[in-house]
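**Student:**
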Amino acid sequence: MNKVLKTSALLSATLIIGSSVSTLATVSAASYQTINWTESADLGTMDSSAVTDVVSFDALQATGEGLYRNDKQQKPALALAKSVDKSDDGLKYTFHLRSGLKWSNGDALTAQDFVYGWQRTNNPKTASQYAYLFSGIKNADDIQNGKNTDLNSLGVKAIDDTTLEVTLDKPMPQLAAVLTMAPFYPQNEKFVEKAGKKYGTAAKYTLASGPFILKDWTGSNNKYSFVKNTKYYDAKVVKSPKIVVQTIKDQNTGYNLYKSGKIDFTNLSADQVNASKKKKDYRVIPQATTFYLEFNQQKVEFANVKIRQAISYAIDRQQMAKKILTGTATPATSFTSANLAKDPNTGEDFAKSASVKGAITYDAKKAGQLYQEGLKEIGKDKIDFSILTDDTDGAKKTAQFLQSQVEKNLKGSKVSVKTVPFKQRLNLSSTKKFDVVISAWGADYADPISFLDLYTAGTSFNNGSWKNDAYDTAVAKAQGADILNPSARYADLKEAEQVIEKEAGVAPLYYRSYATLFRSSVKGVITSSIGSPYDWKYAYKK
Numbered sequence: 001m002n003k004v005l006k007t008s009a010l011l012s013a014t015l016i017i018g019s020s021v022s023t024l025a026t027v028s029a030a031s032y033q034t035i036n037w038t039e040s041a042d043l044g045t046m047d048s049s050a051v052t053d054v055v056s057f058d059a060l061q062a063t064g065e066g067l068y069r070n071d072k073q074q075k076p077a078l079a080l081a082k083s084v085d086k087s088d089d090g091l092k093y094t095f096h097l098r099s100g101l102k103w104s105n106g107d108a109l110t111a112q113d114f115v116y117g118w119q120r121t122n123n124p125k126t127a128s129q130y131a132y133l134f135s136g137i138k139n140a141d142d143i144q145n146g147k148n149t150d151l152n153s154l155g156v157k158a159i160d161d162t163t164l165e166v167t168l169d170k171p172m173p174q175l176a177a178v179l180t181m182a183p184f185y186p187q188n189e190k191f192v193e194k195a196g197k198k199y200g201t202a203a204k205y206t207l208a209s210g211p212f213i214l215k216d217w218t219g220s221n222n223k224y225s226f227v228k229n230t231k232y233y234d235a236k237v238v239k240s241p242k243i244v245v246q247t248i249k250d251q252n253t254g255y256n257l258y259k260s261g262k263i264d265f266t267n268l269s270a271d272q273v274n275a276s277k278k279k280k281d282y283r284v285i286p287q288a289t290t291f292y293l294e295f296n297q298q299k300v301e302f303a304n305v306k307i308r309q310a311i312s313y314a315i316d317r318q319q320m321a322k323k324i325l326t327g328t329a330t331p332a333t334s335f336t337s338a339n340l341a342k343d344p345n346t347g348e349d350f351a352k353s354a355s356v357k358g359a360i361t362y363d364a365k366k367a368g369q370l371y372q373e374g375l376k377e378i379g380k381d382k383i384d385f386s387i388l389t390d391d392t393d394g395a396k397k398t399a400q401f402l403q404s405q406v407e408k409n410l411k412g413s414k415v416s417v418k419t420v421p422f423k424q425r426l427n428l429s430s431t432k433k434f435d436v437v438i439s440a441w442g443a444d445y446a447d448p449i450s451f452l453d454l455y456t457a458g459t460s461f462n463n464g465s466w467k468n469d470a471y472d473t474a475v476a477k478a479q480g481a482d483i484l485n486p487s488a489r490y491a492d493l494k495e496a497e498q499v500i501e502k503e504a505g506v507a508p509l510y511y512r513s514y515a516t517l518f519r520s521s522v523k524g525v526i527t528s529s530i531g532s533p534y535d536w537k538y539a540y541k542k
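Heads up, the sequence shown is in the working numbering, so the first residue is 1 and it goes up one at a time.
1. Helix, strand or coil: which one does DSSP assign to L428?
2. Please report the distance separating the alpha-carbon of L80 from that of A457.
3. What residue range does the beta strand (DSSP E) around K157 cover?
4. Quick test of your reading: N122 and F134, contact by CB under 8 Å. State the CB separation rounded to the nearest angstrom.
5. For the segment 137-147 against the segment 67-76, do three or more pairs of beta-carbon atoms, one drawn from each stretch, fall closer than 8 Å, so that the two count as touching?
6. Just verifying my parser: in three-state terms, what is the DSSP assignment at L493?
7. When you compare each of L109, Y255, S48, T333 to S353 by their alpha carbons, which one comes out closest?
8. On a Cα-Cα basis, can you pick out the residue from G412, K380, S413, T419 that is closest to A399?
9. Could you tell me which residues DSSP pairs with N267 in its beta bridges?
10. Residues in its own chain within less than 8 Å of K547 by CB, not counting five upstream and five downstream?
11. Quick check on DSSP: helix, strand or coil for E377?
12. Would the segment 464-480 count as touching the segment 234-243 if we require 3 or more Cβ pairs under 8 Å?
13. Mind the definition here: the segment 373-389 touches the segment 416-434 only if three or more C-beta pairs lie below 8 Å; say whether that holds.
14. Do the CB positions of L517 and Y258 come within less than 8 Å of each other?
15. Rounded to a whole number of angstroms, what is the C-alpha to C-alpha distance between Q119 and N152?
16. Let's see if you can read the secondary structure: which residues bound the beta strand (DSSP E) around L164?
17. Quick check on the DSSP output: the beta strand (DSSP E) that includes F57 runs from which residue to which?
18. In its own chain, which residues sit with a C-beta less than 6 Å from the C-beta of S22, not counting the 5 before and 5 after it?
19. Assign R69 to one of three DSSP states: helix, strand, or coil.
20. If I measure Cβ to Cβ from L454 and keep anything under 6 Å in the same chain, skipping five residues before and after, which residues do I get?
21. Would G254 be called buried (16 or more neighbouring beta carbons within 10 Å of its own) or exposed?
22. Taking 6 Å as the limit between beta carbons, can you name the residues of its chain near G136, skipping five residues before and five after?
23. Which residue from Y362, K357, S337 puts its Cα closest to that of A351?
24. Distance check for S209 and A470, CA to CA, integer angstroms please.
25. Using the rule of at least 16 other Cβ atoms within 10 Å of the residue's Cβ for burial, across every protein chain shown, is A203 buried or exposed?
26. Tell me the DSSP secondary structure of Y93 in three-state form.
27. Nearest CA to the CA of M320: which residue from N36, Q74, R512?
28. How many Å lie between L24 and K306 at the Cα?
29. Note down the Cα distance separating I315 from D363, rounded to an integer number of angstroms.
30. Would P533 be called buried (16 or more neighbouring beta carbons within 10 Å of its own) or exposed?
31. Considering W441, what are the terminal residues of the beta strand (DSSP E) in which it resides?
32. Is it buried or exposed for D85, if we count other Cβ within 10 angstroms and need 16 for buried?
33. Looking only at C-alpha atoms, which of N267, L293, V499 sits nearest to D281?
34. Nearest CA to the CA of F226: which residue from T206, Y292, A176?
35. On the DSSP letters alone, give me the boundaries of the alpha helix (DSSP H) that D141 sits inside.
36. Counting along the chain, where does the beta strand (DSSP E) carrying K242 start and finish?
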C-alpha cells in the first residue's frame, strides 16, 4: 500500500471540531469535564499486531503512538521520533527518538520496543492481517510467507536506546503515512510476554505510549474509559481528564441518550437524519469508506462471474441510499472510495475516472439474464444463500433490503440474513464461513492502493478468495516498477479498479458518511475521512 506524497495529488478531509489546536492552551484546566462518547460496535482488541477494525484503531490511537502521528491536516508529523535521516538512495532511514520516553507503567520506551513490535507483527505465528503494510521493509515479505524464518533479518535495528535504523528493499514513498498506524507502534516486550495470549484482551493487559490509558475494559463489556496518560511526552497538550466510551448498537437508544444529555456524540440512523438536520449539533463526517459484498468464491455459485454480476446488477443502490441509508451514504460507482485521490495529470477524482460505466448500476433485466446464464454454467436451477452482517440496526436493514432486491430480480433465488456481533462477523469472514458478507473498508491513507491492495491473491483481507492475474499484475506494477512514475502508476491502479469492477470480484454498495449529533461543548476532536475517524488527543469539554 502506498501513499505517494510526492508523485500524486491526494485528497483527505480532516476537521477539528469546535476549536483549533492553537487555542486549546487558553482553556482553564479546572473547566474540563468528562467526554461521553459512543461507538456502534464492540472494542475488538488492544493488540496493535492483531487490530483489524475501526473501533480498535480508534482506541489504539488514543492510547498509542508511533514514530509519526497524523497532524490536524492529516499529514504525518514526527511523534515519538524527533528527527529522521534518509540515505541518498532512499533505502535507509535513521530515526532519532525523543529523550526520556516512558510507557504508562513507567518503563523506559526505547528503540528496541519498535524492533520487538515490528518483528512480532511480521511473525507468521502472530497472523497479523495488517502485516502486509510492512511490504517494502527489508525481508518483510519473505518473513511473512515463511521463506525467511530469521526475525532478526527484518529491516529494523536498534542502534542504541534512542536510535532506530529502518532498511528497505524497495522505495516506500508511503513510509511516513504507514508509520502513523497502530501495527507500527512500539511494544513493551517484557509486558507483552508476561501477558501472553491475554495481551490486548482487557485493560489490565494493555500499556500506553500515547495520550491516554485505557481503563474499565474487561474484554467483553460495552463501556470503558480513557484517562490522561501523565507519562506521555506531550501530556501538556492533552486537556481531557477522561473520555467514557459506550458501545451503542441501537441508534434509537443512542438518540434518546443524546437528547437526555447522557452522551455527547451519537451516530444517526436514516430515520433520525431528517429530524436532526436543522439542529445546531447535527454534523456529517465524510469517510473514505466503501461498503461492499464479498462473495465466498470457494463456493461454486460465487466462483461464477455471471452469478456475481447478476447479484450486483440486481441491487438498486439509489433506492438503498435514499430509503435505507438517508444522509449516511452515497451510492457506490467504484470499489475505491470517492474523494480519496486525484489523477496526477487532470485532477479528476480517481473513483470517477477509473470506474467502468455501467458496471456498478441497477439493471434488473441484465441481472436476470446473467443469472440464468450463470445457473446454466454451474448446472443449477436456482441459488440459495445467506447474507452475513453485523447485528446493528443499520446493518440489519441494509441486509434485508439486499435480500428483497435479490429475491425480486433473480427469480427463484432464496436469500436469508444472518446477523451476528461485530467481532463474530470478522471471525466468520476471515475463516471463510459465509456465503456472502457485507464488508467495509476505509482507506488507511489517501491513495487508491489502500483499497486495491486488498484483493491481490492470498492477501489476508481477501476473505472471498477472489483471484485475477491481470489485477495482480497491475497492482504489482503500481507497487514496483512504476512506483516512482505517477502517470504510469495511475494507469496501473486504474486498470486494477476496472478489472475488479468488470469481474464483480466484489459488489460495491455505497460510500459511507457519518451523520451525527455532536455536542457543541466538546471541542478539539480531530475527525478524518481516512484512517481512524476520531483523534481525541486535543479533545476537551467545557
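In this text, a Cβ means the ideal position worked out from N, Cα and C, and glycines have one as well. Small disclaimer: the values here were computed from a predicted structure and weren't measured.
**Tutor:** Looking at the coordinates:
1. On the sequence shown, residue 428 is found 428 positions in, with the first residue counted as 1. Three-state result, L428: helix.
2. As a first step, residue 80 is located in the sequence shown; it is residue number 80 there, counting from the start. As a first step, residue 457 is located in the sequence shown; it is residue number 457 there, counting from the start. Roughly 35 Å separates the two Cα atoms.
3. On the sequence shown, residue 157 is found 157 positions in, with the first residue counted as 1. Per DSSP, K157 belongs to the beta strand (DSSP E) from 156-160.
4. Here residue 122 is taken as the residue at index 122 of the sequence shown, counted from 1. Here residue 134 is taken as the residue at index 134 of the sequence shown, counted from 1. With 8 Å as the limit, N122 and F134 qualify as a contact, their Cβ atoms being about 6 Å apart.
5. no
6. Residue 493 sits at position 493 when you count from the first residue of the sequence shown. It is helical.
7. Looking up residue 353 in the sequence shown gives position 353. Closest by alpha carbon: T333.
8. Position 399 of the sequence shown, counted from the start, is the residue given in the question as residue 399. Minimum Cα-Cα distance from A399 among the listed residues G412, K380, S413, T419 corresponds to T419.
9. On the sequence shown, residue 267 is found 267 positions in, with the first residue counted as 1. In DSSP, N267 forms a bridge with T516.
10. Because the chain spans 1 through 542 in this model, residue 547 falls outside it and cannot be assessed.
11. As a first step, residue 377 is located in the sequence shown; it is residue number 377 there, counting from the start. Reduced to three states, the DSSP call for E377 is helix.
12. no
13. yes
14. Position 517 of the sequence shown, counted from the start, is the residue given in the question as residue 517. Position 258 of the sequence shown, counted from the start, is the residue given in the question as residue 258. In this structure, Y258 lies closer than 8 Å to L517 by Cβ.
15. Here residue 119 is taken as the residue at index 119 of the sequence shown, counted from 1. Here residue 152 is taken as the residue at index 152 of the sequence shown, counted from 1. Between Q119 and N152, the C-alpha separation is close to 8 Å.
16. Counted from its first residue, the sequence shown places residue 164 at position 164. Residues 163-167.
17. Against the sequence shown, residue 57 aligns to sequence position 57. Looking at the DSSP string, F57 is not in any beta strand (DSSP E); the run it does join, the alpha helix (DSSP H), is 54-63.
18. On the sequence shown, residue 22 is found 22 positions in, with the first residue counted as 1. Low confidence applies here, because S22 scores a pLDDT of 36, under 50, leaving its location unreliable and the question unanswered by this model.
19. For this step, residue 69 is matched to residue 69 along the sequence shown. Reduced to three states, the DSSP call for R69 is strand.
20. Counting from one through the sequence shown, the residue named residue 454 turns up at place 454. Taking C-beta separations shorter than 6 Å and ignoring five residues to either side along the sequence, the partners of L454 in its chain run F461, following chain order.
21. Translated into the one-based positions of the sequence shown, residue 254 becomes position 254. Around the Cβ of G254, a 10 Å sphere holds 16 or more other Cβ atoms; the residue is buried.
22. Taking the sequence shown and counting its residues from 1, one reaches residue 136 at position 136. Around G136: L168, K170, M172.
23. Walking along the sequence shown from the start, residue 351 turns up at place 351. Measuring from the Cα of A351, the nearest candidate turns out to be S337.
24. Indexing the sequence shown from 1 puts residue 470 at position 470. Indexing the sequence shown from 1 puts residue 209 at position 209. The straight-line gap separating the alpha-carbon atoms of A470 and S209 is approximately 42 Å.
25. For the purposes of this step, residue 203 is taken as residue 203 along the sequence shown, with counting starting at 1. Buried, because 16 or more other Cβ atoms sit within 10 Å of the Cβ of A203.
26. Numbered from its first residue, the sequence shown carries residue 93 at position 93. Reduced to three states, the DSSP call for Y93 is strand.
27. Here residue 320 corresponds to residue number 320 of the sequence shown, with the count starting at 1. Distances from the alpha-carbon of M320 to those of N36, Q74, R512 put R512 closest.
28. Here the question's residue 24 lines up with position 24 in the sequence shown. Here the question's residue 306 lines up with position 306 in the sequence shown. Residue confidence for L24 is low, a pLDDT of 38 falling below 50, so the modelled location carries little weight and cannot support an answer.
29. Residue mapping note: residue 315 aligns to position 315 of the sequence shown, counting from 1. Residue mapping note: residue 363 aligns to position 363 of the sequence shown, counting from 1. Cα to Cα, the separation comes out at about 8 Å.
30. Taking the sequence shown and counting its residues from 1, one reaches residue 533 at position 533. Classification for P533: buried.
31. Reading the sequence shown from its first residue, position 441 is the one you call residue 441. First-last of the beta strand (DSSP E) with W441: 436-442.
32. Position 85 of the sequence shown holds residue 85. Exposed is the call here.
33. Walking along the sequence shown from the start, residue 281 turns up at place 281. Among N267, L293, V499, the Cα nearest to that of D281 is on N267.
34. The count along the sequence shown starts at 1 and reaches residue 226 at position 226. Measuring from the Cα of F226, the nearest candidate turns out to be T206.
35. For the purposes of this step, residue 141 is taken as residue 141 along the sequence shown, with counting starting at 1. Run containing D141: 140-144, per the alpha helix (DSSP H) assignment.
36. Numbered from its first residue, the sequence shown carries residue 242 at position 242. In the DSSP annotation of this structure, the continuous segment of the beta strand (DSSP E) that includes K242 starts and ends at 242-247.
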